[in-house]
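Student: Just passing along the structure, written as structure tokens.
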Amino acid sequence: MASFWTDSMVTTIQRASRIDAYTNFPIGLLRMPGSTAPLAAMVPIAYRPINPLTRALQLEFDPDRVTDLSAGMRVLVVECIPTDDVVGRISRSIWSEAASNLNDETRSVSVDLVSVNNKAEFIEAVAKHRPDVLVISAHGIYQADSNLAGLMIGTERSIGTDLGPMPPMVILSACHTGPRGGGPVAVADLLLRQGARAVLSTLVPVGVFHNSVFMRRLLLYMSESIAGTERHVSMLDLWHRVQTNTVIMDILYGNPRLMDWGHSSEGGVPPIFEFMSRRAAGRISPEHLYDDAEAVLLEIAAERHEEEKVQGWLRSPGYLPESMMYTFIGDPSAIRLQAPRLITRIDSGQGPVGL
Numbered sequence: 039m040a041s042f043w044t045d046s047m048v049t050t051i052q053r054a055s056r057i058d059a060y061t062n063f064p065i066g067l068l069r070m071p072g073s074t075a076p077l078a079a080m081v082p083i084a085y086r087p088i089n090p091l092t093r094a095l096q097l098e099f100d101p102d103r104v105t106d107l108s109a110g111m112r113v114l115v116v117e118c119i120p121t122d123d124v125v126g127r128i129s130r131s132i133w134s135e136a137a138s139n140l141n142d143e144t145r146s147v148s149v150d151l152v153s154v155n156n157k158a159e160f161i162e163a164v165a166k167h168r169p170d171v172l173v174i175s176a177h178g179i180y181q182a183d184s185n186l187a188g189l190m191i192g193t194e195r196s197i198g199t200d201l202g203p204m205p206p207m208v209i210l211s212a213c214h215t216g217p218r219g220g221g222p223v224a225v226a227d228l229l230l231r232q233g234a235r236a237v238l239s240t241l242v243p244v245g246v247f248h249n250s251v252f253m254r255r256l257l258l259y260m261s262e263s264i265a266g267t268e269r270h271v272s273m274l275d276l277w278h279r280v281q282t283n284t285v286i287m288d289i290l291y292g293n294p295r296l297m298d299w300g301h302s303s304e305g306g307v308p309p310i311f312e313f314m315s316r317r318a319a320g321r322i323s324p325e326h327l328y329d330d331a332e333a334v335l336l337e338i339a340a341e342r343h344e345e346e347k348v349q350g351w352l353r354s355p356g357y358l359p360e361s362m363m364y365t366f367i368g369d370p371s372a373i374r375l376q377a378p379r380l381i382t383r384i385d386s387g388q389g390p391v392g393l
């Protein structure tokens with residue numbers, strides 16, 4: 039992709055506040071010249087599906103539809119993984135805890151958790167709860183030979199078109215539900231045809247513990263934005279905050295030895311808390327997100343006389359920047375978490391000169 043980075047392209051992206059990517063290529067994984075972090079760390083990206091192109095045109099000519107969640111949101115988590123599956127047991131435990139922590143009547147935020155065994159039960163649950171935000175916790179299926187990515191709803195396979203009408207926002211808590219690059223038929227894209235405005239999906243398989251932290255943080259920031267304690271107006275703005283603020287989880291959760299070290303309290307405060315509460319503020323740049331985070335961790339390790347050991351783990355086996363492997367399909371900017379703010383400018387007693 040070296041030829042992509044012309045001078046005009048670099049200048050344009052440096053000045054962009056967002057990117058709408060009409061492409062099947064995961065451009066968020068590219069690195070701009072002079073940067074060590076993926077492009078997704080520098081600017082929020084929304085992918086617009088183009089398979090088939092006629093359908094993409096239909097979506098673009100649809101009237102703009104804004105979903106206003108500023109007065110509250112109903113979240114439904116549909117657990118599709120069987121109870122005899124170890125991932126299903128872990129997932130249920132995590133989502134149950136998340137639901138109990140996120141339910142907040144003062145913010146009109148409700149989170150319900152239901153388990154389903156097949157597509158019929160799935161459709162019934164969505165119709166009954168009528169959520170604003172639907173979380174589908176499932177195993178993803180990717181068939182490389184047929185270039186197809188879908189979900190396991192209990193014991194049944196689905197590519198999305200058989201799951202009934204969708205709410206405005208869908209979160210796919212599952213592996214490789216939106217692979218890009220080879221133009222696959224993907225459930226993430228097809229759910230837009232079912233009425234979703236924005237679908238969060240994954241490019242590759244993801245770890246259940248990392249995914250749980252990521253998803254809970256996403257929903258927590260949504261709740262905080264609705265309450266006004268966070269200043270994210272649209273889902274796209276909030277999404278970029280979550281994606282870039284999970285860098286320490288990417289590094290530690292991607293390597294078991296780093297995970298153990300990061301949570302160890304042998305040297306006093308665990309390194310992860312030292313990183314988050316004292317060291318990282320003001321030192322992590324979007325252009326060098328992971329390199330800067332590694333430098334802070336190595337500084338902490340050096341003070342504990344463990345720099346060489348941690349350096350070795352960072353290089354071998356290393357880690358996968360999982361947060362960069364999540365993508366928003368559709369138009370997350372159409373999901374509003376706060377009402378637009380009107381600002382009146384006063385010019386030295388001359389009255390309002392602009393809104």
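Following the working numbering, the numbering of the sequence shown begins with 39 at its first residue and continues without gaps.
Positions of the beta carbon are idealized from the N, C-alpha and C atoms, including for glycine.
A quick note: this is a predicted structure, and the numbers were derived from the prediction, not measured.
1) Roughly how many angstroms lie between the CA atoms of LEU327 and ALA78, to the nearest whole one?
2) Check each candidate in ARG342, ARG254 and ASN155 and name the one with the smallest Cα separation from ALA137.
3) For VAL251, which of ILE286, HIS214, PHE160 and VAL225 has the nearest alpha-carbon?
4) Would you call GLY72 buried or exposed, if buried means 16 or more other Cβ atoms sit within 10 Å of its Cβ?
5) Comparing alpha-carbon positions, which option in MET39, PRO76 and PRO87 lies nearest GLY234?
6) What residue from PRO169, GLU162, ARG195 and LYS166 has the CA that sits closest to GLY178's CA?
7) How close, in whole Å, do the beta carbons of GLY192 and PRO120 come, if the pair is a contact with beta carbons under 8 Å?
8) To which residues of the same chain is PRO101 closer than 8 Å at the C-beta, ignoring the five residues directly before and after it?
9) So the alpha helix (DSSP H) GLU325 belongs to, where does it begin and stop?
10) Have a look at VAL124 and VAL223 and give me their C-alpha separation to the nearest angstrom.
11) Between the beta-carbon of HIS301 and the beta-carbon of PRO82, is there less than 8 Å?
12) Taking all protein chains shown into account, do 16 or more other C-beta atoms lie within 10 angstroms of the C-beta of SER90, making it buried, or fewer, making it exposed?
13) Assuming MET39 contacts LEU68 (C-beta within less than 8 Å), just tell me the rounded distance between them.
14) Using the three-state DSSP reduction, which class does ASP58 fall into: helix, strand or coil?
15) For ASP106, which residues in the same chain have their Cβ closer than 8 Å to its Cβ, ignoring the five residues on either side in sequence?
16) For the candidate residues ALA339, GLU159, PRO370 and ILE174, whose alpha-carbon lies nearest to that of GLY306?
17) Going by C-alpha distance, which of GLU341, ARG295 and GLU360 is nearest CYS213?
18) Under 8 Å: do the segment 225-240 and the segment 350-367 share three or more Cβ pairs, one atom per stretch?
19) With a threshold of 7 Å on Cβ separation, who are the neighbours of LYS166 within its own chain once the five nearest residues in sequence on each side are excluded?
20) Kindly indicate which three-state DSSP category VAL280 falls into: helix, strand or coil?
21) Let me confirm a value: ARG218 is counted as buried when at least 16 other C-beta atoms fall within 10 Å, else exposed. Which label applies?
22) Is the distance from the Cβ of VAL173 to the Cβ of VAL113 below 8 Å?
23) Going by Cα to Cα distance, which pick from TYR357, THR284, ALA265 and PRO294 is closest to ARG145?
24) Taking VAL164 and ILE197 to be in contact with their CB atoms under 8 Å, please state how far apart those CB atoms are, rounded to whole angstroms.
25) To the nearest angstrom, how far is it from the Cα of TYR259 to the Cα of ASN283?
26) What is the residue span of the beta strand (DSSP E) that ASP126 lies within?
27) Taking DSSP as the reference, what is the three-state secondary structure of VAL391?
28) DSSP beta-bridge partners for PHE397?
29) If you check the beta carbons only, do ILE310 and LEU336 fall under 8 Å apart?
30) Are the CB atoms of CYS118 and ALA176 within a distance shorter than 8 Å?
31) Under 8 Å between the Cβ atoms of VAL242 and LEU229?
32) What does the alpha-carbon distance come out to for the pair THR92 and ARG231?
Tutor: Taking the definition as stated:
1) Here residue 327 corresponds to residue number 289 of the sequence shown, with the count starting at 1. Here residue 78 corresponds to residue number 40 of the sequence shown, with the count starting at 1. Going by the C-alpha atoms only, they are around 10 Å apart.
2) Locating residue 137 in the sequence shown gives position 99, where the first residue counts as 1. Measuring from the Cα of ALA137, the nearest candidate turns out to be ARG254.
3) The residue given as residue 251 occupies position 213 in the sequence shown. Of the residues ILE286, HIS214, PHE160 and VAL225, the one whose Cα lies closest to the Cα of VAL251 is ILE286.
4) Within the sequence shown, residue 72 is the residue found at index 34, counting from 1. Taking every protein chain shown into account, the CB of GLY72 has fewer than 16 other CB atoms within 10 angstroms, so this residue is exposed.
5) On the sequence shown, residue 234 is found 196 positions in, with the first residue counted as 1. In the sequence as displayed, the identity of residue 234 is Ala instead of Gly. From the listed residues MET39, PRO76 and PRO87, the smallest Cα separation to ALA234 is found for PRO87.
6) On the sequence shown, residue 178 is found 140 positions in, with the first residue counted as 1. Nearest in C-alpha terms to GLY178, of all of PRO169, GLU162, ARG195 and LYS166, is ARG195.
7) Within the sequence shown, numbered from 1, the residue matching residue 192 stands at position 154. Within the sequence shown, numbered from 1, the residue matching residue 120 stands at position 82. Their Cβ separation, rounded to whole angstroms, is 7 Å, which keeps GLY192 and PRO120 in contact under 8 Å.
8) The count along the sequence shown starts at 1 and reaches residue 101 at position 63. Taking C-beta separations shorter than 8 Å and ignoring five residues to either side along the sequence, PRO101 has no partners in its chain.
9) Position 287 of the sequence shown, counting from 1, holds the residue named residue 325. First-last for GLU325: undefined, no H or E at that position.
10) Counting from 1 along the sequence shown, the entry for residue 124 is found at position 86. Counting from 1 along the sequence shown, the entry for residue 223 is found at position 185. Distance from the CA atom of VAL124 to the CA atom of VAL223, rounded to whole angstroms, is 28 Å.
11) Mapped onto the sequence shown, residue 301 falls at position 263. Mapped onto the sequence shown, residue 82 falls at position 44. Result no, Cβ atoms of HIS301 and PRO82 do not sit closer than 8 Å.
12) By 1-based counting over the sequence shown, the position of residue 90 is 52. Looking at the sequence itself, residue 90 is Pro, so the reference to Ser does not match. Here PRO90 is exposed: its Cβ has fewer than 16 other Cβ atoms, across all protein chains shown, within 10 Å.
13) Working through the sequence shown from its first residue, we reach residue 39 at position 1. Working through the sequence shown from its first residue, we reach residue 68 at position 30. Rounded, the Cβ-Cβ distance is 6 Å, consistent with contact.
14) Within the sequence shown, residue 58 is the residue found at index 20, counting from 1. Correct three-state label for ASP58: strand.
15) Within the sequence shown, numbered from 1, the residue matching residue 106 stands at position 68. The beta carbon of ASP106 sits closer than 8 Å to those of ARG374 and ALA377, all from its chain and outside the five residues before and after it, given in chain order.
16) By 1-based counting over the sequence shown, the position of residue 306 is 268. The shortest C-alpha to C-alpha distance from GLY306 to any of ALA339, GLU159, PRO370 and ILE174 is the one to ALA339.
17) Here residue 213 refers to the residue found at position 175 when the sequence shown is read from its first residue. Minimum Cα distance to CYS213 is reached at GLU360.
18) Segment contact: the segment 225-240 against the segment 350-367, three or more CB-CB distances shorter than 8 Å; contact assigned.
19) Within the sequence shown, the letter at position 128 stands for residue 166. Within the same chain, LYS166 has no close Cβ partners at all.
20) On the sequence shown, residue 280 is found 242 positions in, with the first residue counted as 1. Helix.
21) As a first step, residue 218 must be located in the sequence shown, where it is residue number 180. With 16 or more other Cβ atoms within 10 Å, it is buried.
22) Walking along the sequence shown from the start, residue 173 turns up at place 135. Walking along the sequence shown from the start, residue 113 turns up at place 75. Pairing VAL173 with VAL113 gives a Cβ-Cβ distance under 8 Å.
23) Within the sequence shown, numbered from 1, the residue matching residue 145 stands at position 107. Comparing C-alpha distances from ARG145 to each of TYR357, THR284, ALA265 and PRO294 shows the shortest one belongs to ALA265.
24) Residue 164 sits at position 126 when you count from the first residue of the sequence shown. Residue 197 sits at position 159 when you count from the first residue of the sequence shown. Wrong, their Cβ atoms sit about 17 Å apart, outside the cutoff.
25) Taking the first residue of the sequence shown as 1, we reach residue 259 at position 221. Taking the first residue of the sequence shown as 1, we reach residue 283 at position 245. Rounded to the nearest angstrom, the two C-alpha atoms are 11 Å apart.
26) Numbered from 1 along the sequence shown, position 88 holds the residue referred to as residue 126. This sequence places Gly at residue 126; Asp is not what is there. Per DSSP, GLY126 belongs to no beta strand (DSSP E); it is in the alpha helix (DSSP H), 124-140.
27) Taking the first residue of the sequence shown as position 1, residue 391 is located at position 353. Unreliable positioning characterises VAL391 in this predicted model, as indicated by a pLDDT of 42, which lies under 50. A coordinate reading is not provided.
28) Residue 397 lies beyond the stretch modelled for the chain, which goes from 39 to 393, so this question has no answer here.
29) Within the sequence shown, numbered from 1, the residue matching residue 310 stands at position 272. Within the sequence shown, numbered from 1, the residue matching residue 336 stands at position 298. The answer is no: Cβ separation not under 8 Å.
30) The residue you call residue 176 lines up with position 138 of the sequence shown. The residue you call residue 118 lines up with position 80 of the sequence shown. Yes, the pair counts as a contact, with Cβ atoms nearer than the cut-off.
31) Sequence index remark: in the sequence shown, residue 242 carries index 204 (1-based). Sequence index remark: in the sequence shown, residue 229 carries index 191 (1-based). No, they are not a contact pair.
32) Position 54 of the sequence shown, counting from 1, holds the residue named residue 92. Position 193 of the sequence shown, counting from 1, holds the residue named residue 231. Each residue's alpha carbon lies about 12 Å from the other.
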